[in-house]
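Please read the structure below before turning to the comments.
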Amino acid sequence: MDKLQALESTVDSLIARCQQLADDNRELRRQEADWQRERQRLVKNNEAARSRVEAMINRLKGLTQES
0 MDKLQALEST VDSLIARCQQ LADDNRELRR QEADWQRERQ RLVKNNEAAR SRVEAMINRL
60 KGLTQES
């Protein structure tokens, strides 16, 4: 009987651990999706800033050539 109880306890522990790992995995996947969205937003902002800086440089070059 002790072996059966030990086995039941081990199985219960494994089930609890499996559930915890599934919960952790779900949370990590959610965080990854959030980071991917944040990365996309930052890339978009970076591209917009680069375009604005390039436009300013071109305007400055035009001004110096006119002088």
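Just so we're aligned: the sequence shown equals residues 0 to 66 in numbering that gives the first Met the number 0.
Each residue gets a CB set at the ideal place from its N, CA and C atoms; glycine is no exception.
Here the structure is a predicted model, which is why all the values come from computation and not from measurement.
Where the alpha helix (DSSP H) through residue i begins and ends
i, result
"Met-0", "That residue, Met-0, is in no alpha helix (DSSP H); it is neither H nor E in DSSP."
Rounded straight-line distance, which links the Cα of residue j to that of residue i
i, j, result
"Arg-28", "Ala-47", "29 angstroms"
"Glu-31", "Ile-14", "25 angstroms"
"Leu-62", "Trp-34", "42 angstroms"
"Gln-19", "Asp-1", "27 angstroms"
"Arg-16", "Arg-36", "30 angstroms"
Own chain partners of residue i with C-beta closer than 6 angstroms, once the 5 adjacent residues on each side are dropped
i, result
"Arg-51", "none"
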